[in-house]
Each structure stands twice: as structure tokens, then as C-alpha cells.
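Peer 1: Each step along the sequence shown adds one to the number in this note's numbering, with nothing skipped, and position 58 is 660.
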Amino acid sequence: MQKKIRSALISVFYKDGLDNIVKKLHDLGVIIYSTGGTQKFIESLDVPCVPVESLTSYPSILGGRVKTLHPSVFGGILGRRDNDTDVKEMEQYKIPEIDLVIVDLYPFEETVASTSDDKAIIEKIDVGGPSMIRGAAKNHNHVVVIASKNEYPVLEKWLEEQGGETSLEQRRQLAARAFDVCSGYDIAISNYFNNTSFPNPFSQSGSVLRYGENPHQKGVFYGNLDDTFEKLHGKELSYNNLVDADAAVQLIREFEPKNNETIFAIIKHTNVCGIAARKTLKEAWDTALAADPESAFGGVLVCNGKVDKATAEAINEIFFEVLIAPSYDTAALEILKTKKNRILLILKPVSKKSTTQQMSKSLLNGLLVQDEDKGNFTEWKEVGGRNTSELEKQDLEFANIVCKHLKSNAIALVKNKQLIGKGCGQTSRIDALRQALEKARQFNFDMKGASLASDAFFPFNDCVKLGHEAGISAFIEPGGSIRDKDSIEYCVENKLALVMTGMRHFRH
């Protein structure tokens, strides 16, 4: 069912990107109703505009709290054009039909993020905006609704290509996005009043992905990647790219930038398959890749240093999906952009918009929410046969971070700040260790003097025994087993370093 836009109500907080739409509507002969700052903006474009006050016979009152809440406005939005009673009543009360509603919402979340002034925050709770958006979305059989500036390009394209006409399918699509915006806005307000910080991805329109985790699954991303990344090159991020990119960002943000040390890591199916810390980024890359060059194929790469020409030439030799870095040399970009589908991202600095204090997982027709796994240990308790050396302490801290970002049960083997073996996703801890040892042997690493991290306690002393037999001399684990003393006693007897952190890092 095609509908022609003949009249529009525009009342927005954010006006950037609106000018082309306003001019196009004017060119199409659309009557525009508006109020307040939006009306002044439209008139500044030399486009005539009918004040909403001329419909309501009331000025904006109560400090702007009441402007559009009136039957003459909502009747025009909600009136059913194919309902004889509605049409007669609209004629009786001189209510004009409103075919297009462009309304966004007061920046509530932005205000919460920028101030603790409760009065200022409360004033940014929009009342009329959500009501008009919901009314227009409800009446999408007859009305087009634009609930955020994210939809401006879509509307502008339709105005240009379709001459102001829209199909029912298009209007319904916009209505769905509008309800997403409203529900997300309400969640943000509820979070504020309940003093919770659960992220609100549904305030953004969903981006339809090529497919989900597998080709037969549909996938949608809700959120704003622009808060985290600047995309420089490549195809659209897939579902699996996004999952691995999230794992990469979580990992790299564990490491504080240092003048004489850079980190390079390789992620595959959310697990770290290579990571190293070295003086130069090229050295860090070479060392990280050496940990498991087979698994690196098709992975997601991440680093905390500027990608230079030498590093770009090295990583350009393998196939990878995504590279995430804080910056790139011009020469490096020229090399890396030779593959058209390769995704190159700049990781933006940490901000309130790009981080969250909570994480969620959908399951059992519900949503499981928890705090993020912040921190790496609550204590540093030396309980072995000797204290750790300074080099061992550095390796244990490094291994503990890496192990935290492997699927449980997890073991990480580190030597000289290089991952040399890892076991992850195993149903027993000893199997995770066996896998880690086998990986180290596969690529000919000398495990003498290496350090071992476990994401959870050793239930028995079999892990320290097997690790010791392979040459490992320092261990780090949370502790907390009723049989901790078995592992402690073995380390004491064999002069092995053992650190208990008091902090478990399960990851499922």
C-alpha cells in the first residue's frame, strides 16, 4: 500500500543531517509543522514552516515541557485514513493529517554520562517525543516515522528515489526501529532510577548482518561500533568478526601502554592463540605468531602500538580477517589495503560510551547479566618452595592475564612474555594442561623455566607435578581448593614458585 507524504511534523534535538531532508520535503510540496528550535532551524533554510501552536492554539508552556501534547497533533498522527469515523472527526475538529513524523528524543543517556546533577538529568526525560514516536509507529499503515538521525539517510534516499511515496513494508520497517528506540530509552531511564548500569544496546537500530554464527542463522547487531572503532578499510564485520573483535579488545585493554614494550595478540574463536610483549611491534608480531602459526590463519589481530611499514609487511604475508590498532603509518596502510576485504580498524581510547561495567548472555528465554571480570588478582600470596624472581613475576602476571581470556578450563604457558602453549575449553584442568604442553612441544618450545597460569584452582597436585616434569618452575592460580595443601607441599618439596591470587577467572 503506497502512501504519499503530504505533511510532516518535525521536532528534533539533533539537527545535523536534517537540512537536506527539509529542503527535499519542501521541493515535494510537503507542508511542514514544527516548534521551538527546530522551527527556527527550518526557517533558517528559507523553508516555510507552520508553527505547531497554530494547531493547538497554545504556546509552548511550562518551560517547554508541554508543546505537542494536544489532540490536534496526536489526532493528526493517529487518525486512520481508511476509517470513516476517524476521518469525519478529524474534519469536524479541523485536525490535519500528519503523514511523516520526524522526532528524536532528549539526550538522556548522554546527560547521565556527563553530569551527576539529578535535576538536569530529570529534565532530559522526554515525554512528548516518545508519545509521538509511538503514535506514528502504531499508525504505520498511514504514517512514516523517523525516530533517530540514524534513519535520515534512509528517508533521504526514499524521498529522492520515490518522490515522497512509501510502501507499507518500508513504513513497518521504520516503525520497528522506532519501537526499538523507545524501549531502549525507557530501559536507560529505568536503569538510572534503579541505580544500575546495564548497557542499553536497543536504543540503537539493529544492523542486519550477512548471517549469524553460521550461514543458516540470521544475525543482527544492536549497538554503535563508532563508539569503539574507526573503520579504515574492508568489508562489513560479520557476526564472528564481531565476537572475536570483542575478545581482542577485552584482552588488549588489560595491558597499559609502556614506552619500551608493545603487545601483539592473535585471536581465534575468541581464544588467544598467540601473544607477546616486545620492544618493537614487529618483534611482538613475530614472537606472537611463533606461538601457533597454524591457528593464526584467518584470525583477528590486535596490538597496542602504531602499525609501521615493517610490521605491515610481515603480517601481510598471512591471511587474517581483522586488524585492530590504535594507529597506522601511511606506508603501512598502503600495504594492508591491498586486500579489499581485509578489515582495518582503529581502536578508540576508552570512554564511557565504549566500555560497560556489565555483560549479558541470552539463555532459557531470558537474559543473564553480570559485572565484567575486572582485575586480575586480589592478593599475591607466595606459598611455594621459594619466592618468585622478578622475571618469573613478570611472566606470571602476563600468563594470568592471558589465561583469563581463554575458555575454561584454561591453562596458559608463558616464557619471556611470550605465550608458548595454551589449553582451553577442556572439561578437566589436567586435560587443559596436557593440551598446552602438546602445543608447546608442537612448535619446539623449551619449557625449562617457563611459567604456568590456571584460570581456577588446582583440585589436585597433578597439574604442578606434570608441569614440573615438563620443566615449568613457576605457577599462578587462584587457590581455594580443599586440597590446596597438596599442590603447596609438592612445590615446597621441589623448590617451585607458587602464587595464589584469590581471584578465579572462569570464562564460558
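By construction, the Cβ of each residue, glycine as well, lies at the ideal position given by its N, Cα and C atoms.
This one's a predicted model, so the numbers in the text were calculated from it and none came from an experiment.
(1) For Phe831, I'd like the list of residues in its chain whose CB is within less than 6 Å of its CB, leaving aside the five on either flank, ordered along the chain.
(2) What are the uninterrupted segments assigned as beta strand (DSSP E) that are 3 or more residues long and contained completely in the region 788-867, given in chain order?
(3) Can you give me the C-alpha to C-alpha distance between Met734 and Gly619, rounded to a whole angstrom?
(4) So, with DSSP's three-state summary, where would you put Gln604?
(5) Can you find the residues in the same chain that come closer than 6 Å, C-beta to C-beta, to Leu702, ignoring five residues on each side of it along the sequence?
(6) Quick one: residues in its chain with C-beta nearer than 6 Å to the C-beta of Leu770, no 5 flanking neighbours on either side, listed in chain order?
(7) In chain order, what residues of the same chain have a beta carbon less than 6 Å from the beta carbon of His835, not counting five sequence neighbours either side?
(8) Beta-carbon within less than 6 Å of Met1102's beta-carbon, same chain only, minus the 5 sequence neighbours each way: which residues are those?
(9) Hey, is the region 1011-1025 in contact with the region 1040-1058, meaning 3+ C-beta pairs nearer than 8 Å?
(10) Measure the C-alpha to C-alpha separation of Gly987 and Ile1078 and round it to an integer number of angstroms.
(11) Do Gly678 and Glu712 come within 7 Å of each other at the CB atom, strictly closer than that value?
(12) Beta carbon of Leu1035, beta carbon of Ile1013: below 7 Å?
(13) Quick check on Leu611: does DSSP put it in helix, strand or coil?
(14) In the structure shown, what three-state DSSP assignment does Val952 receive?
(15) From Ala739 to Ala780, what distance separates their C-alpha atoms?
(16) For Gly876 and Ala886, which I take to be in contact (beta-carbon distance under 8 Å), what is that distance rounded to the nearest angstrom?
(17) Among Phe795, Arg773 and Ala914, which residue has its Cα nearest to the Cα of Arg724?
(18) If we ignore side chains and look at the alpha-carbon of each, how far apart do Ser884 and Arg1085 end up?
(19) In the structure shown, what three-state DSSP assignment does Glu896 receive?
(20) With DSSP collapsed to three states, give me the class of Lys1019.
(21) With DSSP collapsed to three states, give me the class of Lys983.
(22) Looking at the unbroken beta strand (DSSP E) that takes in Cys875, where does it start and where does it end?
(23) For Asn1096, which residues from the same chain have a beta carbon less than 7 Å from its beta carbon, with the 5 sequence-adjacent residues on both sides left out?
(24) So Ile697 packs on Glu856, CB below 8 Å; how close in whole Å?
(25) Any idea if Leu647 is buried or exposed, counting beta-carbon neighbours within 10 angstroms, 16 or more meaning buried?
(26) Apply the 10 Å Cβ neighbour rule to Pro732 and answer buried if 16 or more other Cβ atoms are within range, or exposed otherwise.
(27) To which residues does DSSP link Pro732 through a beta bridge?
(28) Kindly indicate which residue of Leu1100, Glu1040 and Tyr787 has the alpha-carbon position closest to the one of Ala1072.
(29) List, from N- to C-terminal side, the alpha helix (DSSP H) runs of 4 residues or more that fit wholly inside the region 1028-1055.
(30) Can you check which of these residues, Asn861, Asn797 and Val904, is closest to Ile853 by C-alpha distance?
(31) When the Cα of Pro755 is compared with those of Gly825, Leu680, Asp910 and Asn622, which residue comes out closest?
(32) Alpha carbon to alpha carbon, how far is Ser964 from Glu896?
(33) Is it the case that the Cβ atoms of Gly907 and Phe922 are separated by a distance below 7 Å?
(34) Check this for me: beta carbons of Leu776 and Lys626, under 7 Å apart or not?
(35) Using a beta-carbon distance below 7 Å, is Ala914 in contact with chain C?
(36) Do you know offhand how far Val689's Cα is from Leu657's?
Peer 2: Let's see:
(1) Here the question's residue 831 lines up with position 229 in the sequence shown. Answer for Phe831: Leu947, listed in chain order.
(2) Runs of the beta strand (DSSP E) spanning 3 or more residues and lying entirely within the region 788-867 occur at 831-835, in chain order.
(3) One-based indexing of the sequence shown puts residue 734 at position 132. One-based indexing of the sequence shown puts residue 619 at position 17. Distance between the alpha carbons of Met734 and Gly619: 21 Å.
(4) Translated into positions along the sequence shown, residue 604 becomes position 2. DSSP, read as helix, strand or coil, puts Gln604 in coil.
(5) If you number the sequence shown from 1, residue 702 lands on position 100. Contacts found: Ile607, Ala610 and Val746.
(6) Locating residue 770 in the sequence shown gives position 168, counting from the first residue. Excluding sequence positions up to five before and after Leu770, its CB lies within less than 6 Å of the CB of Met603, all in the same chain and listed in chain order.
(7) Position 233 of the sequence shown holds residue 835. The residues Lys939 and Leu946, in chain order, have a CB closer than 6 Å to that of His835 in the same chain once the five nearest residues on each side in sequence are set aside.
(8) Position 500 of the sequence shown, counted from the first residue, corresponds to residue 1102. Within the same chain, Met1102 has close Cβ partners Lys983, Val985 and Gly1081.
(9) In short, these stretches touch, since the Cβ pair count reaches three.
(10) Your numbering for residue 987 matches position 385 in the sequence shown. Your numbering for residue 1078 matches position 476 in the sequence shown. Distance between the alpha carbons of Gly987 and Ile1078: 13 Å.
(11) Position 110 of the sequence shown, counting from 1, holds the residue named residue 712. Position 76 of the sequence shown, counting from 1, holds the residue named residue 678. Result no, Cβ atoms of Glu712 and Gly678 do not sit closer than 7 Å.
(12) Sequence index remark: in the sequence shown, residue 1035 carries index 433 (1-based). Sequence index remark: in the sequence shown, residue 1013 carries index 411 (1-based). Note that the C-beta distance between Leu1035 and Ile1013 is below 7 Å.
(13) Taking the sequence shown and counting its residues from 1, one reaches residue 611 at position 9. When DSSP states are grouped into helix, strand and coil, Leu611 belongs to the strand group.
(14) Here residue 952 refers to the residue found at position 350 of the sequence shown. Val952: coil per DSSP, three-state reduction.
(15) To locate residue 739, count along the sequence shown from 1; it is residue 137. To locate residue 780, count along the sequence shown from 1; it is residue 178. Straight-line Cα distance between these residues: approximately 7 Å.
(16) Working through the sequence shown from its first residue, we reach residue 876 at position 274. Working through the sequence shown from its first residue, we reach residue 886 at position 284. The C-beta distance from Gly876 to Ala886 rounds to 10 Å, too long to fall under 8 Å, and the pair is not in contact.
(17) In the sequence shown, counting from the first residue as 1, residue 724 sits at position 122. Inspection of the sequence shows that residue 724 is occupied by Ile rather than by Arg. Of the residues Phe795, Arg773 and Ala914, the one whose Cα lies closest to the Cα of Ile724 is Phe795.
(18) Stepping through the sequence shown from its first residue, residue 884 is reached at position 282. Stepping through the sequence shown from its first residue, residue 1085 is reached at position 483. It is worth fixing the name first, because residue 884 is Lys in this sequence and not Ser. Straight-line measurement puts the Cα of Arg1085 at about 44 Å from the Cα of Lys884.
(19) Here residue 896 refers to the residue found at position 294 when the sequence shown is read from its first residue. Note: Glu896 maps to coil in three-state DSSP.
(20) Here residue 1019 is taken as the residue at index 417 of the sequence shown, counted from 1. Lys1019: coil per DSSP, three-state reduction.
(21) Reading the sequence shown from its first residue, position 381 is the one you call residue 983. In the three-state scheme derived from DSSP, where H, G and I count as helix and E and B as strand, Lys983 is classed as strand.
(22) Numbered from its first residue, the sequence shown carries residue 875 at position 273. Taken as a continuous stretch (DSSP letters only), the beta strand (DSSP E) holding Cys875 covers Asn873 to Arg880.
(23) Working through the sequence shown from its first residue, we reach residue 1096 at position 494. Close CB contacts of Asn1096 within its chain, under the 7 Å cut and outside five residues either way in sequence, are with Gly987 and His1070 (chain order).
(24) Along the sequence shown, read from residue 1 onward, the residue named residue 697 stands at position 95. Along the sequence shown, read from residue 1 onward, the residue named residue 856 stands at position 254. About 59 Å separates the CB atoms of Ile697 and Glu856; that is not less than 8 Å, and the two are not in contact.
(25) Locating residue 647 in the sequence shown gives position 45, counting from the first residue. Leu647 is exposed by the Cβ-count criterion.
(26) Residue mapping note: residue 732 aligns to position 130 of the sequence shown, counting from 1. Looking at its Cβ environment, which holds 16 or more other Cβ atoms inside 10 Å, Pro732 is buried.
(27) Indexing the sequence shown from 1 puts residue 732 at position 130. Answer is none; Pro732 lacks a bridge partner.
(28) Along the sequence shown, one-based indexing puts residue 1072 at 470. With distances taken between Cα atoms, Ala1072 lies closest to Glu1040.
(29) List check, alpha helix (DSSP H) in window: 1031-1044.
(30) Taking the first residue of the sequence shown as 1, we reach residue 853 at position 251. Rather than Ile, the amino acid found at residue 853 in this sequence is Leu. Comparing Cα-Cα distances from Leu853 to each of Asn861, Asn797 and Val904, the minimum goes to Val904.
(31) Within the sequence shown, the letter at position 153 stands for residue 755. Among Gly825, Leu680, Asp910 and Asn622, the Cα nearest to that of Pro755 is on Asn622.
(32) Translated into the one-based positions of the sequence shown, residue 964 becomes position 362. Translated into the one-based positions of the sequence shown, residue 896 becomes position 294. Those two C-alpha atoms are separated by around 32 Å.
(33) Here the question's residue 907 lines up with position 305 in the sequence shown. Here the question's residue 922 lines up with position 320 in the sequence shown. Pairing Gly907 with Phe922 gives a Cβ-Cβ distance that is not under 7 Å.
(34) The residue given as residue 776 occupies position 174 in the sequence shown. The residue given as residue 626 occupies position 24 in the sequence shown. Not a contact, by the Cβ cut-off of 7 Å.
(35) Chain labels in this structure do not include chain C; a single protein chain is all it has.
(36) Here residue 689 is taken as the residue at index 87 of the sequence shown, counted from 1. Here residue 657 is taken as the residue at index 55 of the sequence shown, counted from 1. Rounded to whole angstroms, the gap between the alpha carbons of Val689 and Leu657 is 17 Å.
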